[in-house]
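Colleague: After the structure tokens below, expect a handful of questions from me.
Number of protein chains: 2
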Amino acid sequence: MSSHTITTTSAPTAAPAVPSTGRLRPLGIDAVRITGGFWGRRQSVNAAATLPHIGERLESEGWLPNFDLAASGALPHGRRGREFSDSEIYKYLEALAWEIGRTGDASHEERFRAVVARVSAAQEPDGYLNTHFGREGQGARWSDLEWGHELYCLGHLFQAAVARERTRPGADDLLAIARSAADLVCAVFGEDGIQSVCGHPEIEVGLAELSRVTGEPRYARQARLFVDRRGTGSLADIEWGRSYYQDDVPVREAEVLRGHAVRANYLAAGAVDVAVDTGDGPLLDALRTQWANTVARRTYITGGQGSHHQDEAFGEDWELPSDRAYSETCASIGSIMFAWRLMLADGGAQYADLIERTLYNVVATSPAADGRSFYYANTLHQRVPGIPADPDGTSLRASSSLRAPWFEVSCCPTNVARTFASLTAYVATTDDQGLQLHQYAAAEIDTTLPDGQRVALTVETNYPDDGVVRVIAGRSSRAPWSLTLRVPSWAEGAVLRAPGEDDRVVAPGTVTVRRAFEEGDVVELDLPMQPRFTHPDPRIDAVRGCVVVERGPEVFALESVDSAAAALGEDVSDLRIDASVPPHETGGRVYVRAVRSNTGSHAWPYGGVDVGTPSAPQEVPLVAYHDWAGRGPSTMRVWIPAS
Amino acid sequence: MSSHTITTTSAPTAAPAVPSTGRLRPLGIDAVRITGGFWGRRQSVNAAATLPHIGERLESEGWLPNFDLAASGALPHGRRGREFSDSEIYKYLEALAWEIGRTGDASHEERFRAVVARVSAAQEPDGYLNTHFGREGQGARWSDLEWGHELYCLGHLFQAAVARERTRPGADDLLAIARSAADLVCAVFGEDGIQSVCGHPEIEVGLAELSRVTGEPRYARQARLFVDRRGTGSLADIEWGRSYYQDDVPVREAEVLRGHAVRANYLAAGAVDVAVDTGDGPLLDALRTQWANTVARRTYITGGQGSHHQDEAFGEDWELPSDRAYSETCASIGSIMFAWRLMLADGGAQYADLIERTLYNVVATSPAADGRSFYYANTLHQRVPGIPADPDGTSLRASSSLRAPWFEVSCCPTNVARTFASLTAYVATTDDQGLQLHQYAAAEIDTTLPDGQRVALTVETNYPDDGVVRVIAGRSSRAPWSLTLRVPSWAEGAVLRAPGEDDRVVAPGTVTVRRAFEEGDVVELDLPMQPRFTHPDPRIDAVRGCVVVERGPEVFALESVDSAAAALGEDVSDLRIDASVPPHETGGRVYVRAVRSNTGSHAWPYGGVDVGTPSAPQEVPLVAYHDWAGRGPSTMRVWIPAS
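Right, here's the structure in full:
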């Protein structure tokens, strides 16, 4: 860990992760307000459409009524949903808690309290809380650690309770419910308890944060026990190996993320919490290495992770097929949790770079514009047009098809909702020198620096539609402080304009302006937003000879609706880009020059294949990947063969 | 169907498929004897090692003892194995039947009779035969058509009985066992019976052949009913869609194989049988189209099929990843069944081309040299060295690792065994004009042509080690007849030498020599065996920019054991071939010129990747794909990036 560590103040910080120490200190969602633009629109849709949609589905699917059945003693008869359905109620509560903290909306508050009451009624006197286990006719408590998800569900309960306590402290029973359950977990799984872990990590991060909120050291110790036990083979071996649930190698010995991509990231996030809170440098070093290797060799251009459908898992190094990309939405949310925690610990811009990439190109891709349907998996190459989901139906999880309103395994909608509701927490941090801006959105920031100075900033920007980010001081400061801006890794040639300084080109990484700001001072970062071709590492076999078009933080895709309109046909499998002509922007759309290869039909596709006479080149517009399939079923590719 | 159809004689033909009509007539395994070489060695190992190995495992795994438990009324207690384990006993019996027919080996005969007796004892009085269903404590008969595999198992029973009846007619009870079970199937699933099908096709081909052997038309009618019902949605919808078991589209409307690759091929083979026996031209046309589209767009260079691990299924057109190739051994055996039936119907060399490719590069790849371990899935790119299987253990099915002695789902070893034991059936056929040689192996052929002439031929060849195939007439003929030789699709520049003719270059397809042969006449086909680069259709994204090396019918691979020895390192992910230097053969091995790219380590693998300074070029030997991993754990790739 860097020697420049700070200790957080005792005041509650309304953020999802509030480490005890670290290079950077998170700002609460009460200190940052996104006022519009790309993310502002998504927060509004999340509040107005997604949260009500989730609430309705949790009722109609029976997953919330399961708690009523538990309270009335009517279980197991009538229980509906998979073994982990309780967790969706907790993620929904977490999302509501952040949303209430963000806006104070009364209807969300009313709904929150009603749901908490129903959860409370289902809790057993000893703290046990799960609708799928422990009753006559159900499996015994903790009898199926591999697949039962009991501790996983409680981890999400703890995160919900933490969100509520950090936004509306003492407002209701949720923290008490969580403490009671956590006390039971410590008793059952403590030093002398069951020597095992949950098949799906999540309890680790939940316990760590619960310890931070409550000051209860037993929860932190239990989180550590779970991290230390992982990788010792306490879970049963399975078809895909124990790597599936990271029980193959101890966390501190692993060199890369592997196995189920959501599990891997949730575990890593919780392990960072444990490492930071216990000052465990070797553990933190191991996690830094795992992050770096995973990003360098096992991550899609979108930031997505996981290339195996079968086990929703990471593949080997360089195994990143576009057409079989799994890139589960939840894995990316886990990746953001992991990267953010490392950033708070270390302060590196590379973590915020990955978070930005992942937010724009996976998290923003999942929900439809109306916030009522979602991608669970995020393919990078759709070979046949998807099939519209039944708007009243429940879809299977991973079909590479169109966005669906709900899934049998519906982890992604609630995960998107809690992320959007807490999004302002990822915009900025502070340290002893000042304030750091990591993500760019039209925003108001109002906080107090460690030296006691109050700082008010307005961020004016249309980013990512254009690259100008203006940070305006809202009050004069009595002493100099440092405003640090992230310069994204792709932003070669970015220009900084600051009061009293000559304009200057700044390199990717971070740039700092230190001064006693006067009210009205403007620091402007001008990021280069012309679209660009990006080439892959030649070891990624699946996209050899292809390029992707990026513009700012956004990845673009070629969709058949556009290729057809450009007289290049409906089938994107036979198109190629003229890479000698740079992509260009016209009328708000990004264009490339492309030809149809007109590869003929052959009895055998190897050897002697006539590649035909290409069509005349055409200018064809691309679509931001997060918007793909927004115009109905289509074929699509992110990586495009280049000639 | 072609107008040049023939009707088979009433004499039993000892072959796996004996259609009632067709362009070509199969020869029985008694008419052809492989005398050595590539396939002769494999038939010997199959007889001496694989069959005993299977016999031992069927005992030790409890799959054959399940029949004893059934007979003694001790089921379901103690039953072992998956729901379809009975089928392995039947495939083992089929393999033994062909082997006994081939060699008359007494110990195999003794074993065969003992197993038949145990199967017989397990059959219910009404003909029902399955150790997993129908007893107290088990699922009811036919209660799980999607996954129960009852009809699938019976299909294999029928194939075993057919093999026995065609090689040792009337020798034991197996045909009676099969008839009794088939009668029950007709009663239960007939016109007015259960209006559904088995989740795993196989009964169709089994019933069709059983009808041919017994002359019982009800079995053929039942096969037709099952084919006609397929694709009408009588099975439950599942996560991967009804295409998984081909219940999405009626067989006569489908345009390509899809879903589970073994299921798809078994169904198609049975549907050809039905189409041929009932003169259903439209159905046969649909199957020809499916075959052509599948071969043109959904088949690996090895002949392997199936690119999805999750559902062991075909992917979309052009979705042929090397590293995630599933290419199940059994799917290739099903592909041979399908192609062979179309060839008997139509006579096209393209079918024998695919069979040859598939035999050399998938079926021969599965078993180890000692015949006691097997690949279930056949990857084309091994990214990390495999892990040796426990020689006494039971492996999971699809790990891309090293060959394993047995699997929890152990369909492949028995399928390989029955294919090797009956391999001579695929060597040659006859028609009214004469005899056709489809596969080249050192062999003796002795048969009678439809005009009554007895023909004896010796095939002398070291193929595929060299390309000279000499066919020597063993007796003089009284009238002219046509000897037709297949010229493989890759054999550009093949030379034919025939008595009384000038040597001539012959084009891929077939070449015919018609004459009244004199004893000792030699027809020689000289096939070009220099190694060659083969390029993929540019629409196959996964191998863009790569080449494969082939030599004759064999596909070659680059293995780390060789790249390391050639000073190019252990990791094949960073190697590329100099495609301007043709592959060449030296000292019996095939070499290419390759460099290590030395791509650096990067924090992010997209954009600005330093591809490094390549190493000095080295000559590196390749290995025949069927031999890969024969020298221990390695990384491997079939498709190699070319510069």
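From first to last, the protein sequence lines are chains A and B. When you line the first sequence up against this note's numbering, it's residues 1 to 643, in that order. When you line the second sequence up against this note's numbering, it's residues 644 to 1286, in that order. Just so you know, even glycine gets a beta-carbon here, dropped at the ideal spot from N, CA and C. Being a predicted model, the structure only gives us computed values, none of them experimental.
Is the beta carbon of residue 271(A) less than 9 Å from the beta carbon of residue 287(A)?
Modeller: It is a contact, given that the beta carbons lie within the stated cut-off.
Colleague: Against chain B, does residue 279(A) count as a neighbour if the rule is that its beta carbon must be under 9 Å from one of theirs?
Modeller: Chain B, which has no Cβ nearer than 9 Å to the Cβ of residue 279(A), makes this no.
Colleague: Would you report the Cα separation of residue 249(A) and residue 310(A), rounded to the nearest angstrom?
Modeller: C-alpha separation (whole angstroms): 21 Å.
Colleague: Establish whether the CB of residue 296(A) and some CB of chain B are separated by less than 9 Å.
Modeller: So yes, residue 296(A) belongs to the interface.
Colleague: What do you get for residue 119(A), buried or exposed, if any count of 16 or more other CB atoms within 10 angstroms of its CB means buried?
Modeller: Buried, since its Cβ has 16 or more Cβ neighbours within 10 Å.
Colleague: Taking residue 500(A) as the query, report the chain B residues whose CB atoms sit under 7 Å from its CB, ordered along the chain.
Modeller: Under the 7 Å cutoff, chain B gives no residues; its nearest Cβ is about 33 Å from residue 500(A).
Colleague: Taking the alpha-carbon of residue 731(B) as reference, which of 798(B), 790(B), 786(B) has the nearest alpha-carbon?
Modeller: The option with the nearest alpha carbon to residue 731(B) is 798(B).
Colleague: Relative to the C-alpha of residue 769(B), which residue among 755(B), 1157(B), 831(B), 1164(B) is closest?
Modeller: Nearest C-alpha to residue 769(B): 831(B).
Colleague: Does DSSP classify residue 1276(B) as helix, strand or coil?
Modeller: In this structure, residue 1276(B) counts as coil in the three-state DSSP scheme.
Colleague: Mind checking residue 1074(B): buried by the 16 CB within 10 Å criterion, or exposed?
Modeller: Burial call: buried.
Colleague: Alpha carbon to alpha carbon, how far is residue 331(A) from residue 1277(B)?
Modeller: Computed Cα separation, rounded: 31 Å.
Colleague: The alpha helix (DSSP H) spanning residue 802(B) covers which residue range?
Modeller: Residue 802(B) -> alpha helix (DSSP H) spans 793-810.
Colleague: Just to confirm the assignment, what range does the alpha helix (DSSP H) spanning residue 214(A) have?
Modeller: Per DSSP, residue 214(A) belongs to the alpha helix (DSSP H) from 203-214.
Colleague: Is it the case that the Cβ atoms of residue 1016(B) and residue 1048(B) are separated by a distance below 9 Å?
Modeller: Yes, they are a contact pair.
Colleague: Given this structure, state the Cα-to-Cα distance separating residue 992(B) from residue 1167(B), to the nearest angstrom.
Modeller: C-alpha separation (whole angstroms): 18 Å.
Colleague: Between residue 61(A) and residue 414(A), how many whole angstroms is the CB-CB distance? I'm expecting something under 8 Å.
Modeller: Not confirmed; about 12 Å, so no contact.
Colleague: For residue 35(A), is the classification buried or exposed, using 16 other Cβ atoms within 10 angstroms of its Cβ as the cut-off for buried?
Modeller: Classification of residue 35(A): exposed, given that the 10 Å Cβ count is below 16.
Colleague: Leaving out the 5 sequence neighbours to the left and right, which residues in its chain are closer than 7 Å to residue 1034(B) when beta-carbon positions are compared?
Modeller: Around residue 1034(B): 1048.
Colleague: Comparing the C-beta of residue 1216(B) with each C-beta of chain A, is any distance below 9 Å?
Modeller: It does: the Cβ of residue 1216(B) has a partner Cβ on chain A nearer than 9 Å.
Colleague: What's the call for residue 779(B), buried or exposed, on a 16-neighbour Cβ count within 10 Å?
Modeller: It is exposed - the Cβ of residue 779(B) has fewer than 16 other Cβ atoms within 10 Å.
Colleague: Under 9 Å, CB to CB, which of the residues in the stretch 1238-1254 of chain B have a partner in chain A?
Modeller: For the stretch 1238-1254 of chain B, which is checked against every Cβ of chain A, the residues closer than 9 Å are 1240, 1242, 1244, 1245, 1246, 1247, 1248, 1249, 1250, 1251, 1252, 1254.
Colleague: Just to confirm the assignment, what range does the beta strand (DSSP E) spanning residue 434(A) have?
Modeller: Here the beta strand (DSSP E) through residue 434(A) covers 434-437.
Colleague: Which whole runs of the beta strand (DSSP E) in the stretch 374-435 of chain A are 3 residues long or more, in chain order?
Modeller: For the stretch 374-435 of chain A, whole beta strand (DSSP E) runs of length 3 or above, ordered along the chain, are 428-431.
Colleague: Helix, strand or coil, according to DSSP, for residue 186(A) in the structure here?
Modeller: Helix at residue 186(A).
Colleague: Output needed for residue 1122(B): all residues of its chain with C-beta closer than 8 Å, excluding positions within five of it in sequence on either side, in chain order.
Modeller: Closer than 8 Å at Cβ, skipping near neighbours: 1094, 1096, 1159.
Colleague: Taking the Cβ atom as the reference point for each residue, do residue 664(B) and residue 894(B) lie within a distance shorter than 9 Å?
Modeller: Cβ atoms of residue 664(B) and residue 894(B): not closer than 9 Å.
Colleague: State yes or no: is the C-beta of residue 670(B) within less than 9 Å of the C-beta of residue 658(B)?
Modeller: For residue 670(B) and residue 658(B), yes; Cβs fall inside 9 Å.
Colleague: Applying the criterion that 16 or more other CB atoms from any shown protein chain within 10 Å of the CB defines a buried residue, is residue 598(A) buried or exposed?
Modeller: Classification of residue 598(A): exposed, given that the 10 Å Cβ count is below 16.
Colleague: By a C-beta neighbour count over all protein chains shown, 10 Å radius and 16 as the cutoff for buried, is residue 41(A) buried or exposed?
Modeller: Residue 41(A) should be labelled exposed.
Colleague: Do we get a CB-CB distance below 9 Å when we pair residue 384(A) with the residues of chain B?
Modeller: Yes, contact with chain B.
Colleague: Kindly say whether residue 148(A), judged by its beta-carbon, lies nearer than 9 Å to any beta-carbon of chain B.
Modeller: False, the Cβ-Cβ gap to chain B never drops below 9 Å.
Colleague: Report all residues from its chain with a CB closer than 7 Å to the CB of residue 572(A); omit the five preceding and five following residues, and keep chain order.
Modeller: 558, 560, 563, 635, 636, 637.
Colleague: Please classify residue 214(A): is it buried, with 16 or more other beta-carbons within 10 angstroms of its beta-carbon, or exposed?
Modeller: Burial call: buried.
Colleague: Tell me the DSSP secondary structure of residue 591(A) in three-state form.
Modeller: Reduced to three states, the DSSP call for residue 591(A) is strand.
Colleague: Distance, Cα to Cα, residue 314(A) vs residue 163(A)?
Modeller: Using only the alpha carbons, I get a separation of about 30 Å.
Colleague: Where does the unbroken alpha helix (DSSP H) through residue 741(B) begin, and where does it stop?
Modeller: Run containing residue 741(B): 729-746, per the alpha helix (DSSP H) assignment.
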